[in-house]
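One line per chain: the protein sequences are R and A, in this order. Here the working numbering is used: the first residue of the first sequence is 1, the next is one more, and so on. Here the working numbering is used: the first residue of the second sequence is 1001, the next is one more, and so on. From the three backbone atoms N, C-alpha and C, an ideal C-beta is built for every residue, glycine too. This structure is a prediction, so every number in the text was calculated from the model and none was measured.
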Amino acid sequence: GAGVSQSPSNKVTEKGKDVELRCDPISGHTALYWYRQSLGQGLEFLIYFQGNSAPDKSGLPSDRFSAERTGGSVSTLTIQRTQQEDSAVYLCASSLGDGGLYEQYFGPGTRLTVT
Amino acid sequence: KQEVTQIPAALSVPEGENLVLNCSFTDSAIYNLQWFRQDPGKGLTSLLLIQSSQREQTSGRLNASLDKSSGRSTLYIAASQPGDSATYLCAPGGSQGNLIFGKGTKLSVKP
């Protein structure tokens, strides 16, 4: 079946612009996670959704970052007033449920470059 | 705050060798631990998931063990092949499933 998909695959934006990154989870997966992979920083957790609610936003690096999920499916990560330090690969993952019982399946990522 | 260390950072072996990748974590209150591989420029591929109540999981030539109380996990790869070349990531999971990643072990298997 179809895996997790993300769009766009690459995004180049000017400093100060807003960007939206999209994630389509595997059908039927109720939990959705966003991570960021930066050079030298490794992979870091950003935010998690169970259904449409986000119980854990602790990983968002600043208030310029926000995310939403609609219909228990598609999620959008928005970065306002982008800065050069936002340049990274943004990865989305989904799983059948939360509570740590299920494997997470990752999408191919969106490579964001802020110039 | 959970911290994950993976040793070695890089490993180069000849084809056919058995090898062990090590992962240690500072907070033993985990719900699971997942091992992934990442190929250059690609996303993550899940290899094995070990629940906190389990001691090991096996899939083909891969075997992962978990010693939760001592904060350690190992990934054993039998009869390594050039196609196994990738970065291997260890990630213990919290109660809501959010994963904390190590920096990975970059494996190169020479033909």
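Min CB distance residue i to chain A below 8 Å
| i | result |
| --- | --- |
| R:Glu103 | yes |
| R:Leu96 | no |
| R:Gly16 | no |
| R:Asp56 | yes |
| R:Ala88 | no |
| R:Phe49 | no |
Residue i burial status per 10 Å Cβ neighbour count (16 or more: buried)
| i | result |
| --- | --- |
| R:Thr110 | buried |
| R:Ser95 | buried |
| A:Gly1102 | buried |
| A:Arg1055 | exposed |
| R:Asn10 | exposed |
| A:Lys1068 | buried |
| A:Leu1066 | buried |
Through-space distance from residue j to residue i, alpha-carbon basis
| i | j | result |
| --- | --- | --- |
| A:Arg1037 | R:Gly71 | 31 Å |
| A:Gln1034 | R:Val89 | 20 Å |
| A:Gln1006 | A:Leu1019 | 14 Å |
| R:Phe65 | A:Ser1012 | 39 Å |
| A:Tyr1088 | R:Gln80 | 33 Å |
| R:Ala2 | A:Asp1027 | 35 Å |
| A:Gln1002 | R:Gln41 | 15 Å |
| R:Thr113 | R:Leu77 | 15 Å |
| R:Leu43 | A:Pro1111 | 30 Å |
| R:Glu14 | R:Gln50 | 33 Å |
| A:Leu1049 | R:Gln83 | 36 Å |
| R:Trp34 | R:Tyr48 | 6 Å |
| R:Val19 | A:Ala1079 | 45 Å |
| A:Arg1061 | A:Ile1077 | 6 Å |
| R:Asp86 | R:Lys17 | 12 Å |
| A:Asp1084 | A:Ala1009 | 16 Å |
| R:Leu60 | R:Ser53 | 15 Å |
| A:Ser1070 | A:Leu1021 | 16 Å |
| A:Ser1024 | R:Pro8 | 35 Å |
Sheet register partners of residue i (DSSP bridge)
| i | result |
| --- | --- |
| A:Phe1101 | Paired residue(s): none; A:Phe1101 is not in a bridge. |
| A:Asn1032 | A:Gln1051, A:Gly1093 |
| R:Gln123 | This structure gives no information on residue 123 of chain R, because the portion of chain R shown stretches from 1 to 115. |
| A:Gln1006 | A:Cys1023 |
| A:Pro1014 | A:Lys1110 |
| R:Lys119 | This structure cannot settle anything about residue 119 of chain R, because the visible part of chain R is limited to 1 through 115. |
| A:Ile1077 | A:Leu1019, A:Leu1062 |
Residue i at chain R interface by Cβ criterion, 8 Å
| i | result |
| --- | --- |
| A:Lys1001 | no |
| A:Gly1083 | no |
| A:Gln1096 | yes |
| A:Leu1062 | no |
| A:Tyr1076 | no |
Rounded distance between the beta-carbons of residue j and residue i, thought under 8 Å
| i | j | result |
| --- | --- | --- |
| R:Ala31 | A:Gly1097 | 6 Å |
| A:Ser1046 | R:Glu103 | 5 Å |
| R:Phe45 | A:Gly1043 | At roughly 16 Å, the Cβ-Cβ gap does not stay under 8 Å, so R:Phe45 and A:Gly1043 are not in contact. |
| R:Pro108 | R:Gln37 | About 12 Å separates the two Cβ atoms, so there is no contact after all. |
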